[in-house]
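To start, the structure itself, in C-alpha cells.
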Amino acid sequence: MKIERDFPLKKLNSFGLNVKAKCFVELTSIEEAQTFIKSGKTEDRSLVLGGGSNLLFTRDFNGLIIKVNIGGIYVVKEDADYYWVKSGAGVVWHELVESCIKANFGGLENLSLIPGTVGAAPIQNIGAYGVEIKDSFEALEALNLETGEKKYFNNRDCCFGYRDSIFKNELRDKYLITNVLFKLTKNPIIKTHYGRISEMLEKAEIAEPTIRDVSEAIIKIRRSKLPDPDKFGNAGSFFKNPVVPIEQFNFIQKSFSDVPSFPQPEDRVKIPAAWLIEKCNLKGKIHKGAAVHTKQPLVLINHKNAKGTDILDLSKKIQQNVKNKFGIALESEVRII
Ligand SMILES: Cc1cc2nc3c(=O)[nH]c(=O)nc-3n(C[C@H](O)[C@H](O)[C@H](O)COP(=O)(O)OP(=O)(O)OC[C@H]3O[C@@H](n4cnc5c(N)ncnc54)[C@H](O)[C@@H]3O)c2cc1C
C-alpha cells in the first residue's frame, strides 16, 4: 500500500470538485486495512472515503483520505426462508443490488441505483421508495481507526434513524467499515406503494411485478428526475426532509393549505424539503458555479466549474430563506468537509 501526496479528488467526489488530499491511501483487503491502521500511519485528520457521493469538499483536505476498495459478495448462510449475504465495503452499492435481484434475493430492490459503496450505506441508513437499509441489515464488521481492533455491530448497535446512525454521531470517523451482512428473503415482498412505482408498473401492464420489475421501474423514475452526476455534479438530496411538531405544521397549513405532509410518531409531521424550497422560489436559482436543480429543488448541482464554497453558500441561502418563510431549520444530509 502506497501513501500518495497531494492526491487529486476530482474523480472521487460526485460534485466533481477540483480539490486535493494532503495524503491518500487505497486499501483493498481487511488484512491490509488492519496492518495499515496498526502501523500508526493514520493522520490526526483521517477521512474514510467510499464513492464520494455524499460529501461536499469546501477546500483541499489537509489530512489522510483512506479509500476503501474491499470487494467480494458471498452467500454465507441460508435457511428455509432467508439468505445471509456478506458484501465487501468497497463494492458499488448498485452492483450488490443487481446481483441480489439476479439471484431473486428480496429486500434491496427499492434501493436500486443509489450511488456509492456498500460500506457507506449504513452510515446514513440509505433509503428510497419506502425502504431503508436497516430493513435488511443484519450486521457489519469494522476496524477501530486508532487501534485496528475488529468490532461487530448488529442492527441495534447501529442506532439507525432517518438518514442517521451511530456512525454520524458518537462514532463519527472512529471506524472503518470493512464488510456488511444482509438478511434477504426467499419470498420477496413487493413494495410499490411509494412514489410513482405502481403508476409505472400499470403503464407497463405488469399486474404481478417481480423484484426485477420494481427495480426497473425505480431506475426509470430516478433517471427521469435526478441529474446524472457525470453531467452535473451533485450529491443527491442536499437536505433532510424536516420533521416538525404538529402544532408548527398546523400553523404553516393555515397560510399554505397545499403543504404536503407525512405523519410521524409522537405527534410529528414530515414536510418535503423540496416543497419548502420551491415555495421560496428557489428552483433553478444560480449562485456563482452552483445551482438548485430545475426538476428536483432538493438537489444542488455543480452548474459550471463550481467551488465547494459556491455550493455551501447556496445551501446557506436556501436555509435562510426557508427559515424566514416557514420558521424551519433545514438540516444538511450531505456531509460538509
Ligand atoms: C444522484 C444521487 C442520488 C442519491 N440518492 C440517494 C437516495 O435515494 N437515498 C440515500 O439515502 N442517499 C442517496 N444519495 C446519497 C449517497 O448515494 C449515499 O449517502 C451513499 O451511501 C454514499 O456512499 P459513498 O460510498 O459515496 O459514501 P461517501 O460519500 O464516500 O462517504 C459518506 C460518509 O460515509 C463515510 N464512509 C464511507 N465509506 C465508509 C467505510 N467503509 N467505513 C466507514 N465510513 C465510511 C465517509 O467518511 C462519509 O462520512 C444519492 C447521491 C447521489 C449523487
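Be aware that the sequence shown starts at 7, since it is given in our numbering, and climbs by one per residue. Every residue gets a Cβ at the ideal spot worked out from N, C-alpha and C, and that includes glycine.
Kindly examine ligand 1 and report whether one of its heavy atoms sits closer than 7 angstroms to the Cβ of residue i.
i      : result
Gly112 : no
Phe30  : no
Phe42  : no
Pro303 : no
Thr34  : no
Ala109 : no
Ser59  : yes
Arg169 : yes
Ile342 : no
Lys181 : According to the sequence as given, residue 181 is Tyr; it is not Lys. Tyr181 Cβ: within cutoff of ligand 1.
Pro235 : yes
Ser93  : no
Asn240 : yes
Ala134 : yes
Is the beta carbon of residue i less than 8 angstroms from the beta carbon of residue j?
i      : j      : result
Ile9   : Val31  : yes
Gly58  : Val74  : no
Ala232 : Leu182 : Checking the displayed sequence, the identity of residue 232 turns out to be Leu instead of Ala. Result no, Cβ atoms of Leu232 and Leu182 do not sit closer than 8 angstroms.
Leu144 : Phe111 : The displayed chain sequence assigns Glu, not Leu, to residue 144. Not in contact: Glu144 and Phe111 (Cβ atoms no closer than 8 angstroms).
Val103 : Leu114 : yes
What residue from the options has the CA that sits closest to residue i's CA?
i      : options                        : result
Lys301 : Lys294, Lys310, Gly290         : Gly290
Gly239 : Arg11, Leu15, Pro14, Ser20     : Ser20
Leu62  : Gly201, Leu306, Leu33, Asp12   : Leu306
Tyr88  : Lys192, Phe173, Tyr168         : Lys192
Lys209 : His199, Gly201, Ala223         : Ala223
Gly333 : Ser261, Lys310, Lys44, Asp219  : Ser261
Arg229 : Ile120, Val82, Arg65           : Ile120
Thr41  : Asp264, Asp319, Lys156, Ser321 : Lys156
Asp163 : Glu284, Ser338, Asp85, Pro128  : Pro128
Asn116 : Ile107, Val124, Tyr158, Thr123 : Ile107
Gln254 : Gly242, Phe244, Pro269, Lys246 : Pro269
I need the boundaries of the beta strand (DSSP E) containing residue i, first residue and last residue.
i      : result
Lys28  : 26-33
Ser243 : 239-243
Lys189 : 181-191
Lys83  : 79-84
Counting along the chain, where does the alpha helix (DSSP H) carrying residue i start and finish?
i      : result
Leu102 : 99-108
Arg218 : 217-231
Gly69  : Here Gly69 belongs to no alpha helix (DSSP H); instead the beta strand (DSSP E) covers 67-74.
Gln325 : 314-332
Asn160 : Here Asn160 belongs to no alpha helix (DSSP H); instead the beta strand (DSSP E) covers 156-160.
Glu284 : 279-285
Glu37  : 36-44
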